[in-house]
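From first to last, the protein sequence lines stand for chains A and B.
Residues 0 to 109 (numbering that gives the first Met the number 0) are what the first sequence spells out, left to right.
Residues 0 to 147 (numbering that gives the first Met the number 0) are what the second sequence spells out, left to right.
Contents: one structure, followed by commentary.
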Amino acid sequence: MALDVRREEIGEAVVLNVEGSVDIYSSPELRGELKAALDKQAPRIVIDMTGVSFIDSSGLATLIEGLQKVKGYAGDLYLCELSQTVLGVFQLANLDHIFTIKESREAALG
Amino acid sequence: MRDGRRGICVVLSSDVKFLGPMRTMVRESCGLLGFEAAACEEIVLAVQEGCANVIRHCYGNSTDRRIDLWILFHDHELEVQIRDYGTFVDPKTIKSRPLEDVRPGGLGVHLMKKVMDEVKFEQNEAGGTTLTLRKRVAATDENETGGS
């Protein structure tokens, strides 16, 4: 399944609704959408991964890059609605303690 | 297969857009071989990382090179071979980054090693690299009695 990233703004937050596989092929698309939010220094970026069925190391790299950039301007990046499979990849890479991962979109929007 | 192993072999173009269909094939093959869904996902991840490394590092992102992918099962063990015809990657030069050094990149080999029992890089007769991934599973009637 290809990647679909839909962007919406809720208050001060930019929410990226991601569907499909985030891999070496598709991660440039996510990087582009993330960059748009980072360029405007959105104080809170929420990546809703409800529809993400697979993530590889390229996808993780894209998110790490985003996290580092958002921290650069003292913003927040939240991930939410991860499937067990996707969360498992974060755990394998010890990234589940690096990212702020929320169970629900509502919790991520605070 | 006459040597008692069961499985599948496919030839892929070294184009990242084919990795999605490759994953579907690996996932379904591992399911047919009796692996549980969680184990199938781990194997899919390892094969994805192996193929992506070939495309990026051995073929320099060329999209028209060849990757041979074997998925074989025998005696409670899955063996995946990913064979390329590019530049041999010396295993000594392949390092995962320390996990505490959080930065983009350097996670592919780490992920493979975490989910597979064995990860081995060897130079093949074509001068390229053969990556062998092995994963053992508990015996079940289903995964040891299928036909060739």
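Note that the Cβ used here is the ideal one computed from N, Cα and C, for glycine as well.
Keep in mind it's a predicted model, so treat the numbers as computed, not measured.
Cutoff 8 Å; reference residue i; Cβ partners in own chain excluding five residues on either side
{"i": "arginine 104 of chain A", "result": "Val14, Val45, Asp47, Thr49, Cys79 and Glu80"}
{"i": "isoleucine 66 of chain B", "result": "Val10, Leu11, Ser12, Ser13, Cys50, Val53, Ile54, Ile81, Arg82 and Asp83"}
{"i": "isoleucine 93 of chain B", "result": "Val108 and Phe120"}
{"i": "leucine 110 of chain B", "result": "Leu44, Ala45 and Glu48"}
{"i": "methionine 21 of chain B", "result": "Val9, Leu11, Val46, Gln47, Cys50 and Leu68"}
Same chain only: Cβ atoms within 7 Å of residue i, ignoring 5 sequence neighbours per side
{"i": "lysine 34 of chain A", "result": "none"}
{"i": "serine 25 of chain A", "result": "Ala1, Leu2 and Gly19"}
{"i": "phenylalanine 87 of chain B", "result": "Gln122, Gly126, Gly127 and Thr128"}
{"i": "glutamate 28 of chain A", "result": "Leu2 and Val4"}
{"i": "alanine 107 of chain A", "result": "Val45, Tyr77, Cys79 and Lys101"}
{"i": "cysteine 57 of chain B", "result": "Asp83, Gly85, Thr86, Val88, Gly127 and Thr128"}
First and last residue of the uninterrupted alpha helix (DSSP H) at residue i
{"i": "asparagine 16 of chain A", "result": "Premise fails: asparagine 16 of chain A lies in the beta strand (DSSP E), 12 to 21, not in any alpha helix (DSSP H)."}
{"i": "aspartate 38 of chain A", "result": "26 to 38"}
{"i": "arginine 104 of chain A", "result": "104 to 108"}
{"i": "valine 136 of chain B", "result": "Careful: valine 136 of chain B lies outside any alpha helix (DSSP H) and carries neither H nor E."}
{"i": "leucine 91 of chain A", "result": "83 to 91"}
Where the beta strand (DSSP E) through residue i begins and ends
{"i": "lysine 101 of chain A", "result": "99 to 101"}
{"i": "leucine 78 of chain A", "result": "75 to 79"}
{"i": "leucine 77 of chain B", "result": "76 to 83"}
Inter-residue CB distance, residue i and residue j (contact presumed, cutoff 8 Å)
{"i": "leucine 150 of chain B", "j": "valine 79 of chain B", "result": "Here chain B covers residues 0 to 147 and nothing more, so residue 150 of chain B does not appear."}
{"i": "lysine 91 of chain B", "j": "aspartate 116 of chain B", "result": "So it is not a contact: roughly 21 Å between Cβ atoms."}
{"i": "leucine 77 of chain B", "j": "cysteine 8 of chain B", "result": "That belief does not hold up - the Cβ atoms of leucine 77 of chain B and cysteine 8 of chain B are roughly 14 Å apart, past 8 Å."}
{"i": "serine 57 of chain A", "j": "isoleucine 23 of chain A", "result": "4 Å"}
{"i": "isoleucine 54 of chain A", "j": "valine 21 of chain A", "result": "5 Å"}
{"i": "glycine 19 of chain B", "j": "alanine 60 of chain A", "result": "That belief does not hold up - the Cβ atoms of glycine 19 of chain B and alanine 60 of chain A are roughly 18 Å apart, past 8 Å."}
{"i": "phenylalanine 34 of chain B", "j": "valine 136 of chain B", "result": "6 Å"}
{"i": "valine 114 of chain B", "j": "isoleucine 97 of chain A", "result": "Wrong, their Cβ atoms sit about 20 Å apart, outside the cutoff."}
{"i": "leucine 37 of chain A", "j": "valine 17 of chain A", "result": "Going by Cβ atoms, the distance from leucine 37 of chain A to valine 17 of chain A rounds to 16 Å, so no, they are not a contact pair."}
Own chain residues within Cβ distance below 6 Å of residue i, not counting five before or after
{"i": "glutamate 40 of chain B", "result": "none"}
{"i": "phenylalanine 89 of chain A", "result": "Asp95"}
{"i": "glycine 74 of chain A", "result": "Pro42"}
{"i": "glutamate 7 of chain A", "result": "Val14"}
{"i": "arginine 4 of chain B", "result": "Leu71 and His73"}
Backbone secondary structure at residue i - three-state DSSP
{"i": "serine 57 of chain A", "result": "helix"}
{"i": "glycine 6 of chain B", "result": "strand"}
{"i": "leucine 71 of chain B", "result": "strand"}
{"i": "glycine 126 of chain B", "result": "coil"}
{"i": "leucine 2 of chain A", "result": "coil"}
{"i": "methionine 111 of chain B", "result": "helix"}
{"i": "glutamine 132 of chain B", "result": "Per the sequence shown, residue 132 of chain B should be read as leucine rather than glutamine. If DSSP states are grouped into helix, strand and coil, leucine 132 of chain B belongs with the strands."}
heavy atom of the ligand PLP below 7 Å from residue i C-beta
{"i": "leucine 31 of chain B", "result": "The ligand PLP is absent from the structure shown, which contains no ligand whatsoever."}
Only counting runs of 3 or more residues, tell me where the beta strand (DSSP E) segments fall wholly within the segment 85 to 109 of chain B, in order along the chain. none
Output the residue ranges of the alpha helix (DSSP H) runs that lie fully inside the segment 12 to 64 of chain B and measure 4 residues or longer, sorted by chain position. 18 to 31 and 36 to 52
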